[in-house]
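Protein chains in written order, with the numbering used here: chain A, 1 to 345; chain B, 1001 to 1138.
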Amino acid sequence: MLRNRVIYVRLAALQLFALFGFCAVQACELCAVYNASNAKSEFTKGLVFSAAAQFTHFGTEQFDGRKVDRSNPDRLDSLITHWVLGYNLSSRFGLSLSVPMIYRSFRRSDLHFSVNEPPTAYREQGSDVDLGDVAVLGRWTVLAKRQMQSDVVVNLLGGVKLPTGETDRLKDEVDQSKTYGALLPPGTPHDPLGHSISSVHPHELSPGSGSFDGIFGVTFNTRWQRWVFNGQFQYALRSEGEASFQYGNDLLITGGPGRYLLANERYTLSLQAVAVYETMARDRLLQTVSDRTGFTAWYLGPQLNLTCGGHFAANAGVDVPLAIAAKGFQAVPDYRVHGGLSWRY
Amino acid sequence: MRVTRTKPTRNCLRIDSTRSGTGGIGALGRLGLATLVVAASVSGSCLRGQALSGEAPQLDLIELFGTNQVTIHFNTAANKTYTLQAVDCLLCAGSGVDGSANLWTNVFVAPNLPFSNHYVIVDTRSNPLRLYRLMVTD
């Protein structure tokens, strides 16, 4: 499992650095900066291929927002790679298809309840690679003022996530919830995930949700000479999916200032400080909200952005948690590493 | 153990324990076990236990389930290991410490967790009488 993670990271690094020798020549420094936006496929018609990956190490267990320590804790490593094929219909409109591949390595201990015998304790350890839920997204550039000295670009994003990923783990989790509920006196108030003692829940390992979800977003990109400020707002509106399981709605806000460190005839390189605020509402199953789900998190970290000529762009960054508060008993991230590549044809 | 019969609600008998978490009743006390011993064999009955002192662990409820089973309910405190045990013979329920036969068998072991929890354990009624106890260790 560790070896696979290293290979993923090395491939990403090779792809990032291998293209320096294939860059086109640019006429001037600010031209290079101007074309950085072009390479990020914001302006011109045509096909765009992108890949973006995020690796997250969930190595800390929390109970109601407080870190807890125990021997043999549960853990989770997650690598999600989005392969995106897009087409810019014009400088204002674009469509894209996102296909996620999910790799997870985990270790968890839990109880399996039955109506026929006492619960049995078990430990699960392994790794999975699965197709996740595919998404179709549209982009509308509502504002684009581009000049040599400065840029302002505002995009509206909207789309739908389709239930293409496998959902067996969701079904198993809901079945266990039903079994546990059957053991209680009728009408007893209880959490629908009260049967579980693991900090890595089955629904966190499920590649798919079984639901059609709405995705809405706004991106905001500004530049003045070498200084930049980028921001993004994204909201996922969830619906009921497999076996009545409904993930909580998810709000993500990111942004921060940056500066071009290098801008020459061949490429540009900028460094940005990115702050991230993310909050996920509690999940719902069997028509009951679970207080053992949901979280709020703040991250901060650097991000490097590279462009090469007018066709290629890449980025890589690290998110370090500043504060995470998870409800119930959950494993939370220690850090996140992310990167992306984009090629405009 | 003092047994108080009250007007049954949902066919429940209320049982009050006079023991503390580290004391004990009778032979069981020498082990320092925090336990509540109840009889769960009365047909058509469920039994609700209540500790009178401190934070003594207790079996909250023993209830008929299905046609041939009971469910045993209990809470657990953080950072403790709880073992639910059963024995089918009242007179032979020795502690094992004084040489008497210890015929208590483990029904379920609740793991040591960093938070409090609640368990519902299913057990099959294979005998007319079965006694349960809850053993707590660090």
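Note that the Cβ used here is the ideal one computed from N, Cα and C, for glycine as well.
The residues Phe113, Val115, in chain order, have a CB closer than 8 Å to that of Leu183/A in the same chain once the five nearest residues on each side in sequence are set aside. Under the Cβ criterion of 8 Å, Glu173/A is not counted among the residues facing chain B. Cβ contact annotation for Arg139/A (same chain, cutoff 6 Å, sequence separation greater than five): Gly94, Asn155, Leu157, in chain order. For the pair Gln62/A and Ser50/A, the Cα-to-Cα distance works out to about 35 Å. Remark: C-beta atoms of Ala1078/B and Trp1104/B do not approach each other more closely than 8 Å. Bridge pairing for Gly132/A: absent [DSSP]. Contact residues of the region 90 to 119 of chain A toward chain B are Ser109, Leu111, Phe113, Ser114, Val115, Asn116, Glu117, Pro118, Pro119 (C-beta to C-beta distance below 9 Å).
Against chain B, the beta carbon of Phe58/A has no neighbour under 7 Å; the closest one sits roughly 16 Å away. Contact between the region 239 to 249 of chain A and the region 277 to 297 of chain A is established, with three or more Cβ pairs separated by less than 8 Å.
Taken through DSSP and simplified to helix, strand or coil, Leu261/A comes out as strand. Counting along the chain, the unbroken alpha helix (DSSP H) around Pro202/A starts and ends at 202 to 205. Interface flag for Pro1114/B against chain A is set, since a Cβ pair is found closer than 8 Å. Within the model, the alpha-carbon separation for Ser127/A versus Tyr103/A is close to 7 Å.
In the structure shown, Gly181/A adopts helical secondary structure according to DSSP, grouped into three states. DSSP places Ala1110/B in the strand class (E or B) of the three-state scheme. With respect to the C-alpha of Arg223/A, the residue from Pro257/A, Ser196/A, Asn249/A having the closest C-alpha is Pro257/A. Buried is the label assigned to Met1135/B, since at least 16 other Cβ atoms lie within 10 Å of its Cβ. Cβ-Cβ distances below 8 Å link Ile197/A to Ser109, Asp110, Leu111, Phe329 in the same chain, with the five nearest sequence neighbours on each side left out; the list follows chain order.
The Cβ of Val1087/B sits no closer than 8 Å to any Cβ of chain A. Each residue's CA atom was taken as its position, placing Asn305/A and Val84/A some 18 Å apart. Contact of Gly214/A with chain B is not assigned, every C-beta pair being separated by 8 Å or more.
The C-alpha of Leu1061/B is placed about 14 Å away from the C-alpha of Gln1069/B. A distance below 8 Å between beta-carbons, with the five flanking residues on each side excluded, links Val228/A to the following residues of its chain, in chain order: Asn221, Thr222, Pro257, Gly258, Arg259, Tyr260, Ser270, Gln272.
In the three-state reduction of the DSSP assignment, Val115/A falls in the coil class, being assigned neither a helical nor a strand state. Counting other Cβ atoms within 10 Å of its Cβ, Val142/A stays below 16 and is therefore classed as exposed. Per DSSP, the unbroken beta strand (DSSP E) holding Trp227/A starts and ends at 227 to 237. Assignment of beta-bridge partners to Leu193/A by DSSP yields no partner. Taking the CA atoms as reference points, Phe1115/B sits about 27 Å from Tyr299/A. Annotated as distal: Leu137/A and Tyr87/A, with beta-carbon spacing of 8 Å or more.
Pairing Gly59/A with Arg75/A gives a Cβ-Cβ distance under 8 Å.
Counting C-beta atoms within 10 angstroms of its own C-beta, Asn315/A has 16 or more neighbours from the protein chains shown and is therefore classed as buried. Contact annotation: Thr164/A and Gly208/A have beta-carbon atoms nearer than 8 Å.
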